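So the structure is just underneath, and the comments pick up after that.
There are 2 protein chains.
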Amino acid sequence: MSTNHLEPTDRTRITRLPKRGDYDLATIHAILDEALVCTVAFAVDGQPFQIPTGFCRIGDKLYIHGSVGSHYMRQLAEQKLTACIGVTWLDGIVLARSAFHHSVNYRSVILFGQPTRVTADAEMYEALEVFTNKMCPGRWDDVRKPTPGEWKATMLLSFPITEASAKLRTGGPKDDEEDYDLNVWAGVLPLKLTASALIPDDRLKAGVPVPSYLR
Amino acid sequence: MSTNHLEPTDRTRITRLPKRGDYDLATIHAILDEALVCTVAFAVDGQPFQIPTGFCRIGDKLYIHGSVGSHYMRQLAEQKLTACIGVTWLDGIVLARSAFHHSVNYRSVILFGQPTRVTADAEMYEALEVFTNKMCPGRWDDVRKPTPGEWKATMLLSFPITEASAKLRTGGPKDDEEDYDLNVWAGVLPLKLTASALIPDDRLKAGVPVPSYLR
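Residue numbers (the working numbering), protein chains in the order written: chain A, -18 to 196; chain B, -18 to 196.
See below:
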């Protein structure tokens, strides 16, 4: 295993449409860094569960956080449950000439690993700073930092990004040769998560301007 | 259990921030109908997996489809694995005055159930029509319909929408009372999945116009 490339395992090898698979760390990291939400799947006594949650990446670790009162966070941490974490980013609808060849363009990552509860102050601080700035670049320096009580109420878990794979589809439709002559419009409808106009809080203090990082 | 409301079970009851939970079928259906992709989580010998996939809803059934060669579809169908299906729709980033109270606005659904393989032609046809028109309203009537060989290559699974719950957050930040006087901008950055300009296929037949349903 080179440092830039993960070796596929039985759990991460792309068997369906394998040419869409990508095991390069640069690809995996880029998808993780752009996505705002991941899905954490796990099994308790054989019963599958999944929870959507925000996350961030620092180096080869993926971080999630939640309340120390969160049932699923405690299950993960106390039982060291193996999680399957997924991220899917929808980039467009692929409109083929036949119903059968319709598809979507996407970038996804799947990752398997066991959680480690992070308790070191420096690692917690860095992860929450990176997490906050991922949701809104520049935000951390502008807001009130956590109090000791808030730190204690927060559980942070890390997962190693060592058993993971990406799967991507890009480009236009792939139609059957005989369908290219049909009078059907074909192409891609690109999709993107976009921000619209800010909604100020009802109790926004008078005179507080919109910060430059949000303009 | 009324027909408009699902009774929470041990698997679907919202225990963390229960006031965000919603068991009304109208809410659950609306979230499912707007989302384009769901995540199917399942466990094989205690090992969790998850797969993102398109889906549609007809009445009280959720449908996914894939190739008859798809490993996970076959595992689900042949072993009648209980799946946990999730949908998450991100509506905005909630910018509070403290790092701790940052949040996101979202609408999510979680559903537990066992798959039934659909083999009746009429139900398959209807599901694939609804699926195609969900991705792109009006598309089905415009494209080449599946051939007998394509029908045979397609596996369709249905899940009952009978054990499910929704969880939602809307509105602005909820700050600690003493933080409202801070000189920090607070509010919501709304997010939405939006379409941009169509990309015609390189091999689009000359003279084929963009259909009205895509304009």
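The beta carbon of each residue, even a glycine, is placed where N, CA and C say it ideally should be. This structure is a prediction, so every number in the text was calculated from the model and none was measured.
Beta carbon of residue i nearer than 8 Å to that of residue j
i, j, result
"B:TRP166", "A:PRO141", "no"
"A:VAL169", "B:ILE180", "yes"
"B:THR63", "A:HIS83", "no"
"A:LEU172", "A:ASP72", "yes"
"A:GLN31", "B:CYS65", "yes"
"B:LEU13", "B:VAL90", "yes"
"A:ASP183", "B:GLY35", "no"
"B:THR203", "B:ALA145", "Residue 203 of chain B lies beyond the range of chain B shown here (-18 to 196); nothing can be said about it."
"A:PRO29", "B:PRO33", "no"
"A:LYS126", "B:ASN164", "no"
"B:GLY27", "A:GLY27", "yes"
"A:GLU131", "B:PHE81", "yes"
"A:ALA22", "B:ALA22", "yes"
Simplified DSSP state of residue i, which is helix, strand or coil
i, result
"B:ASP160", "helix"
"B:LYS0", "helix"
"A:SER84", "strand"
"A:LEU109", "helix"
"B:ASP182", "coil"
"B:ASP5", "strand"
"A:SER79", "strand"
"B:ILE74", "strand"
"B:LYS148", "strand"
"B:LYS42", "strand"
"B:PRO171", "strand"
"A:ILE(-5)", "coil"
"A:LEU17", "coil"
"A:ARG98", "strand"
"B:GLY190", "The sequence given here has Pro at residue 190 of chain B, not Gly. B:PRO190 falls in the coil class under three-state DSSP."
"A:GLY47", "strand"
"B:PRO118", "coil"
"A:ARG196", "coil"
"B:ALA134", "coil"
"B:ILE57", "Checking the sequence shown, residue 57 of chain B turns out to be Leu, not Ile. Correct three-state label for B:LEU57: helix."
"A:PRO129", "helix"
"A:ILE91", "strand"
Proximal residues of chain D, C-beta to C-beta of residue i below 9 Å
i, result
"B:GLN28", "Protein chains in the displayed structure are A and B, and chain D is not among them."
Close Cβ partners of residue i (< 8 Å) along its chain, the five nearest in sequence each way excluded
i, result
"A:SER193", "GLY119"
"B:MET136", "HIS46, GLY47, SER48, VAL49, SER51, MET54, ARG55, ALA58, ARG98"
"B:TYR161", "ARG78"
Buried versus exposed, by CB contacts within 10 Å (16 or more), residue i
i, result
"A:LEU(-2)", "exposed"
"A:SER79", "buried"
"A:GLY40", "exposed"
"B:ALA77", "buried"
"B:THR20", "buried"
"A:LYS115", "buried"
"B:ASP156", "buried"
"B:ALA103", "exposed"
"B:ARG88", "buried"
"A:ALA24", "buried"
"A:TRP121", "buried"
Proximal residues to residue i (C-beta, below 7 Å), its chain only, five neighbours per side dropped
i, result
"B:THR8", "ALA147"
"B:VAL111", "CYS37, ILE39"
"A:ASP(-9)", "none"
"B:HIS134", "Before going further, note that residue 134 of chain B is Ala rather than His in the sequence given. Here the set comprises SER48, VAL49."
"A:HIS10", "ARG38"
"A:THR151", "ASN86"
Contact set for residue i: own chain, Cβ-Cβ below 6 Å, skip 5 residues either direction
i, result
"A:SER139", "LYS42, TYR44, THR97, VAL99"
"A:HIS200", "The question about residue 200 of chain A has no answer, for chain A in this structure spans -18 to 196."
"A:ALA16", "VAL68, TRP70"
"A:MET105", "VAL99, LEU137"
"B:PHE93", "ARG(-8), CYS65, GLU144"
Any non-hydrogen atom of the ligand SAM closer than 7 Å to residue i Cβ
i, result
"B:ILE66", "The ligand SAM is not part of this structure, which contains no ligands at all."
Can you list, in chain order, the residues of the stretch -9 to 11 of chain B whose Cβ is nearer than 8 Å to any Cβ on chain A?
-> ARG(-8), THR(-4), ARG(-3)
Check each residue of the stretch 138 to 161 of chain A: if its Cβ is closer than 7 Å to any Cβ of chain B, include it; give the result in chain order.
-> GLY153, PRO154, ASP160, TYR161
Using Cβ-Cβ distances below 7 Å, what residues of the stretch 165 to 188 of chain B are close to chain A?
-> VAL165, TRP166, ALA167, GLY168, VAL169, LEU170, PRO171, LEU172, LYS173, LEU174, THR175, ALA176, SER177, LEU179, ILE180, PRO181, ASP182, ASP183, ARG184, LEU185, LYS186
Contact list for the stretch 92 to 115 of chain B against chain A, Cβ threshold 7 Å = LEU109, THR113
Looking at chain A, which residues of the stretch 76 to 92 of chain B have a Cβ within less than 8 Å of any of its Cβ atoms?
-> LEU76, ALA77, ARG78, SER79, ALA80, PHE81, HIS83, VAL85, TYR87, SER89, ILE91
Going along the stretch 39 to 51 of chain A in order, which residues come within less than 9 Å of chain B, judged by CB to CB distance?
-> GLY47, SER48, GLY50, SER51
Could you name the residues of the stretch 115 to 128 of chain A whose beta carbon sits closer than 9 Å to any beta carbon of chain B, in the order they occur along the chain?
-> MET116, CYS117, ARG120, TRP121, ASP123, VAL124, ARG125, LYS126, PRO127, THR128
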